[in-house]
Amino acid sequence: MEALALIQAYTGVGIGLIIGLGAAGACIGIGIMCASFLEGAARQPEMIPQLQGKVFLLLGLIDASFIIGVGLAMMFAFANPLLSVIPK
Amino acid sequence: MTEERNSTSGLDSNEVFSKMLQWQLSATLAVIIIALIVSGMHAAISALAGGLAVTVGAYFASKIAQRSSKEAATVLVNLLKAEAVKIVIIVVLLFITFKVYRQLVPFALIAGLAAAALFSGAAMSKLDRTELEI
């Protein structure tokens, strides 16, 4: 019973770290890219349509790590494989 | 005379987004086939669920991101809205999948999800196809 509680507690901490650090990294990346987009658009406004597609695709790439982290966090929340070590 | 022609001059961003969705579906299909061979039908369905969650989110996001404007700030706000919608859709679909599907194979789902998410950037090759004609 104590082992179960310990595993659940540490898993909760891990889920928080996965989502929190992933979101922080993605936000920093998106912030840098959006600043560069605005700078580029201010220098050459005629390039906005071309930059739009690239920014969207790069947003997807930056967010990919966060989305994978969310998937892993959900796996640990709903189907925790670490609980299988506890004898039934 | 040297003329530089970019194949994606903004107006055909629709083509780029459809290319992105094609790449995502292809990656999901590849993972489904591998999961089916390695772990069976439930793993294949799990991989399909993971890949489709990302692809559906990206489809609705691309509908929002296609709105064009001459204002850089408006374009940026539309792109961020699209990204927010994408993340919400993916999280909701994953939550439903984890709650409803009892025979879920989590690692297959993560593999499908990761493949679809990472291969969305493969459409960059479509954007960077710049042809030089001499």
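From first to last, the protein sequence lines stand for chains Z and W.
The opening position of the first sequence corresponds to residue -3 in my numbering, with each subsequent residue numbered one higher.
The opening position of the second sequence corresponds to residue 13 in my numbering, with each subsequent residue numbered one higher.
Quick reminder that beta carbons are idealized off the backbone N, C-alpha and C, glycines included.
Since this is a predicted model, take the numbers as computed values, not measurements.
In the pairwise beta carbon analysis, the segment 44 to 64 of chain Z is classified as touching the segment 19 to 32 of chain Z: at least three pairs are separated by under 8 Å. The beta carbon of G62/W falls within 8 Å of a beta carbon belonging to chain Z, placing the residue at that interface.
In this structure, L79/Z keeps its C-beta atom at 8 Å or more from the C-beta atom of I14/Z. For M(-3)/Z, no CB of chain W lies under 8 Å from its own CB, so it is not counted at the interface with that chain. Between L116/W and A75/Z, the C-beta gap is smaller than 8 Å, which places the two residues in contact.
Among the residues of the segment 67 to 81 of chain W, those with a Cβ less than 9 Å away from any Cβ of chain Z are G69, A70, A73, S74, A77, Q78, S80, S81, in the order of the chain. The alpha-carbon separation between F52/Z and W35/W amounts to approximately 15 Å. Interface annotation for the segment 33 to 52 of chain W against chain Z: empty, criterion Cβ-Cβ distance under 7 Å.
The C-beta distance from I76/W to A94/W rounds to 4 Å, short enough to meet the 8 Å contact threshold. For the pair K98/W and G69/W, the CB atoms are nearer than the 8 Å cut-off.
The beta-carbon of S137/W is placed no less than 8 Å from the nearest beta-carbon of chain Z.
The three-state secondary structure of G52/W, taken from DSSP, is coil. For the pair M32/W and S132/W, the CB atoms are nearer than the 8 Å cut-off. When the five nearest sequence neighbours on each side are left out, the beta carbons in the same chain lying within less than 7 Å of the beta carbon of T7/Z are those of F72, N76, L78, in order along the chain. If you look at L79/Z, you'll find it isn't in any alpha helix (DSSP H); DSSP assigns it neither H nor E.
For I28/Z, no chain W residue has a C-beta closer than 8 Å to its own C-beta; the minimum C-beta separation is roughly 13 Å.
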